[in-house]
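FYI, our numbering numbers position 107 of the sequence shown as 493, with every residue one higher than the one before it. Glycine residues also receive a C-beta, built at the ideal position from the N, C-alpha and C atoms. Predicted model only: the values in this text are computed from it and were never measured.
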Amino acid sequence: WTEQMDSEDLRVGKPDSVVQSSTLSWSGMAQSADLAVDGEMATSSHTTCAWDTDIWYLMQFDDIRCFEEVVIINSYLNYNAYRMQDLGVHVRNTKTDTDSLCGVIRVREDSTIEGQTYKVSCDGMCGNSVMLRVRHNRGEYSYMGCIHMREIEVHYSEPCTT
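Now the structure itself:
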């Protein structure tokens, strides 16, 4: 995956590193964090699903970026998509110790790739990481929480002076 310019003079690129709170292994293959940024729709990252647990996925950048949009393609096109209900998208700046919420995903009842592609606006929030977080408390949700993505990409501008 290489850095590209999109139509609005924003960059779309691979983070310097990715990590997730846990990794599910399925059929002998670890569904690691890097599979969501490999540019392949046939692979996916997947955390372990759990009740009452903070589950996260973190994209880290060496430099400060001003993020415009985060695009997430859910791995599941069925009821399992709801395990990402109310997933929060945050921009973090470790240099200033700030965390800003871009938005929250509300899962749609749509069994197409397009219907399970979520675009979350960050309105130019600046930081050096993007963190996804979800927590499903037992009794409040129908499904355990987890994060499973075919792909995630961020659109950002640079240089950032913040």
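Among the options, the one whose alpha carbon lies nearest that of residue i
i: ASP449; options: GLY525, ASP483, GLY513, LEU518; result: GLY513
i: TYR475; options: TYR465, GLU455, TYR527, ALA467; result: Note that residue 475 corresponds to Val in the displayed sequence, not to Tyr. Cα-wise, what sits closest to VAL475 is GLU455.
i: VAL490; options: TYR504, THR480, ASP438, ARG478; result: TYR504
i: CYS488; options: CYS508, THR482, ARG469, ARG494; result: CYS508
i: CYS532; options: ASP483, THR480, LEU473; result: LEU473
i: SER461; options: ALA419, ASP483, ASP438; result: ALA419
i: PHE447; options: SER413, GLY425, SER403; result: SER403
i: ARG524; options: VAL398, ASP438, ARG397; result: ASP438
i: ARG397; options: LYS481, ARG451, ASN479, GLU495; result: ARG451
i: HIS534; options: ASP483, LYS481, ILE458; result: ILE458
i: THR429; options: TRP412, THR482, GLU495, THR480; result: TRP412
Contact set for residue i: own chain, Cβ-Cβ below 7 Å, skip 5 residues either direction
i: MET427; result: ARG536, GLU537
i: ALA416; result: THR409
i: VAL493; result: ALA467, TYR468, MET470, GLN471
i: TYR527; result: GLN471
i: TYR529; result: TYR468, ARG469, HIS522
i: LEU421; result: THR429, SER430, SER431
6 Å CB neighbourhood of residue i in its chain, flanking five on each side removed
i: ASP440; result: ARG521
i: SER486; result: VAL477, MET511
i: VAL506; result: VAL456, VAL475, CYS488, GLY489
i: TYR443; result: GLN406, LEU518, ILE533
One or two residues paired with residue i in a DSSP bridge
i: THR434; result: Beta-bridge pairing links THR434 to no other residue.
i: MET415; result: TRP412
i: ASN464; result: DSSP, once it has assigned bridges, lists no residue as partnering ASN464.
i: PHE447; result: None, per the DSSP bridge assignment.
i: MET535; result: SER431, ASN460
i: GLY425; result: Looking at the DSSP assignment, GLY425 forms no beta bridge with any residue, so it has no partner.
i: GLN471; result: Beta-bridge pairing links GLN471 to no other residue.
Contacting residues, own chain, Cβ-Cβ under 8 Å from residue i (five flanking each side not counted)
i: PHE453; result: VAL477, CYS488, CYS508, GLY510, MET511, CYS512, GLY513, VAL516, VAL540, HIS541, TYR542
i: HIS464; result: It should be pointed out that residue 464 corresponds to Asn in this sequence rather than to His. The answer, listed in chain order, is SER497.
i: THR484; result: ARG478, GLY513
i: LYS481; result: ILE450, ASN514
Check whether the region 498–510 touches the region 519–526, taking contact to mean three or more Cβ pairs, one atom from each stretch, closer than 8 Å.
-> no
Determine, using beta-carbon pairs with one atom in the region 405–415 and one in the region 430–439, whether at least three such pairs fall under 8 Å.
-> yes
Unbroken stretches of the beta strand (DSSP E), 3 residues or longer, contained in the region 476–519 = Taking 3 residues as the minimum length, the beta strand (DSSP E) runs contained wholly in the region 476–519 are 484–490, in order along the chain.
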